[in-house]
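Right, one structure below, let's go through it.
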Amino acid sequence: MKKLSIVDIANELKVSKTTVSFILNGRAKEKRIGEDLVERVTKYVEEVGYKPNSLAKSLRTGKSNTIGLMVEDISNPFFASIARLIEDRAYKNGYKIIYCSTDNDTQKTKELINMFRDRHVDGYIIAPPEGIEDDVEQLLKDGLPVVMFDRHLPKVNTDYVEIDNLFSTYNATRHLIQQGYKNIAFVTFASSQTQMMARVQGYKDALKESRFTPVVKEIVFNQDEEMIIKPMTAFFKKHKDLDAVVFGTNHVGTCGLKIFSTLGVKVPDDMAVISFDDYDVFKLYSPPVTAIAQPVDEIADNVITVLLKKLNTKGVSTASHSIILKTNLQIRGSSSGLKD
Ligand code: RIB
1 MKKLSIVDIA NELKVSKTTV SFILNGRAKE KRIGEDLVER VTKYVEEVGY KPNSLAKSLR
61 TGKSNTIGLM VEDISNPFFA SIARLIEDRA YKNGYKIIYC STDNDTQKTK ELINMFRDRH
121 VDGYIIAPPE GIEDDVEQLL KDGLPVVMFD RHLPKVNTDY VEIDNLFSTY NATRHLIQQG
181 YKNIAFVTFA SSQTQMMARV QGYKDALKES RFTPVVKEIV FNQDEEMIIK PMTAFFKKHK
241 DLDAVVFGTN HVGTCGLKIF STLGVKVPDD MAVISFDDYD VFKLYSPPVT AIAQPVDEIA
301 DNVITVLLKK LNTKGVSTAS HSIILKTNLQ IRGSSSGLKD
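For the sequence shown, the UniProt record's numbering gives the first residue as 1, with consecutive numbering after it.
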């Protein structure tokens, strides 16, 4: 059976298409349309089971009441926990979320942005890979709000929500130094993203203060975990003198712990450990792992609040600003002091 359109309804009831559209879009009162006509139209629409075509509606109104949420990897517990919180808040404010993984791949991200544009997505929340500056600039030029989080694109002037990455690793490394550790490594993914650069810098700043030599290992990210574990294992076998390590993300940290159990490296006796990102695995590990916990609730809350504000003040150019949140160093057994 052919899907009914607003035109069919208007013809059937012998009223104008515009009147039907105003009634179906909740604007009858604003347009001073009489109660009896509203009653006639809504009754008929229920009888025939008319479902507004959301794409047609978004073409007409330019709004789809959807938000595009683009993160590195939708299955990563860090991004998944933030996405869930954003979705709840968005839904309560009349928006649905379209959620996808960029894999930090510039070309894939460009294609995803095009897909979102075709669907008239109203606003964007992006943890951006490098190389999409022009695409984001175009969204902003077309009046589409973009809020970045977890990292930002320095050349693009838009709102972003990050944590104090540099202080977080500086503080964690200082903690290890205060515990008496002297040969401390930093193992992370090779990346020029703002948050990853800041984390390495924080570690180096802490060592510099104590005149210790930095030992940094940057692993090329790979979907195949074996391709992460192999070079990391070789690194730890080569640097037998290490007594502590800071891992730059949750993923690097879990790979590191797997390697230590394979190599029979005892934590913290042979190697003290701190990892970025706190989550159950680190709490359940023996000994529990000291972690730099990100405020995921606060990140999600700030991201969606900034975007909703921009959506509700559309057309009014609001100044862009950055929100930098604090992390918590959750000190546990994996970084307890050196045995005397
Ligand atoms: O894999 C998630 C990690 O990388 C988190 O540290 C997050 O900040 C991202 O940068």
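C-beta: ideal position from N, C-alpha, C; glycine also.
I need the boundaries of the alpha helix (DSSP H) containing T106, first residue and last residue.
106 to 118
Under 7 Å from any heavy atom of the ligand RIB, does the C-beta of N76 make it?
yes
Examine the ligand RIB and report whether any of its heavy atoms sits within less than 7 Å of the Cβ of T169.
no
In terms of residues, what are the limits of the beta strand (DSSP E) holding L325?
322 to 325
Sequence ranges, alpha helix (DSSP H) only - wholly within the region 154 to 210, length at least 4
165 to 178, 194 to 209
Looking at the strands, I want to know which residues DSSP matches up with M148.
I126, Y160
Contacting residues, own chain, Cβ-Cβ under 8 Å from residue 341 (five flanking each side not counted):
Only positions 1 to 340 of the chain appear in this structure, which leaves residue 341 out of reach.
Thinking I292 and F282 are a contact (beta carbons under 8 Å), I'd like their distance in whole angstroms, please.
That pair is no contact at about 10 Å.
Counting Cβ pairs, one atom from each stretch, are 3 or more of them under 8 Å apart for the region 230 to 237 and the region 291 to 307?
no
To the nearest angstrom, how far is the alpha carbon of S81 from that of R89?
13 Å
Near K204, which residues of its chain fall below 6 Å by C-beta distance, leaving aside the five closest residues on each side in sequence?
P214
Quick one: is the Cβ of N328 within less than 7 Å of any heavy atom of the ligand RIB?
no
If we ignore side chains and look at the alpha-carbon of each, how far apart do T106 and Q179 end up?
41 Å
In the DSSP assignment, what residue or residues form a beta bridge with F276?
I292
Enumerate in chain order the residues of its own chain whose CB-to-CB distance from L242 is below 8 Å, with the five nearest sequence positions on each side excluded.
N183, I184, A185, V215, F236, M271
Would you say F235 touches the ligand RIB, meaning its beta carbon is less than 7 Å from a heavy atom?
no
For the putative contact between N250 and P77, defined by C-beta atoms under 8 Å, what is the C-beta separation to the nearest angstrom?
7 Å
Take I126 and list the residues in its own chain whose beta-carbon comes closer than 6 Å to its own, dropping the five residues that flank it on each side.
M70, M148
Pick from D103, Y95, I97, I132: whose alpha carbon is nearest that of I113?
I132
Could you tell me if Y91 is buried or exposed, where buried requires 16 or more neighbouring beta carbons within 10 angstroms of its beta carbon?
exposed
Short check: CB of N53 to CB of L308, under 8 Å?
no
What residues in its chain sit with their C-beta under 7 Å from that of K108, if we drop five residues either side in the sequence?
T102
If I measure Cβ to Cβ from T318 and keep anything under 8 Å in the same chain, skipping five residues before and after, which residues do I get?
K309, K310
If we count the other Cβ atoms within 10 Å of its Cβ and call it buried at 16 or more, is S75 buried or exposed?
exposed
If you count every other CB in all the chains shown that lies within 10 Å of the CB of V7, and 16 or more means buried, which is it?
exposed
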